[in-house]
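Have a look at the structure below before the remarks.
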Amino acid sequence: DLYGTYQYLPQDTLTAIEEYGVAIKGPLTTPIGGGIRSLNVALRQIFDLYCCVRPCRYYAG
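The numbering of the sequence shown is this note's numbering, which starts it at 960 and goes up by one.
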């Protein structure tokens, strides 16, 4: 196994996200008993992403 059994966010993956500035992410399951609260939270903390801006429009009437 290249990354080990409990390597959920390999450094190669994090480096690629930093290099290309984009990541395609599908649904993630957080391993029970792991060292992190959730994979989504870990990714947000690693890349300093604390805001989810959603565009919206207001239509009168």
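We treat Cβ as the ideally placed atom computed from N, Cα and C, and that holds for glycine. Keep in mind the model is a prediction, meaning the values are calculated, not measured.
Check                                                                                                       : Outcome
Which value, in whole angstroms, describes the spacing of the CA atoms of Y1009 and A1019?                  : 31 Å
Measure the C-alpha to C-alpha separation of E978 and R1013 and round it to an integer number of angstroms. : 25 Å
Using only the alpha-carbon positions, how far apart do Q966 and R1016 sit?                                 : 42 Å
Cβ-heavy atom distance between I991 and the ligand FMN below 7 Å?                                           : Ligands are entirely absent from the displayed structure, and the ligand FMN is therefore not among its contents.
Hey, quick one: how far does the alpha helix (DSSP H) through L973 stretch, first residue to last?          : 970-979
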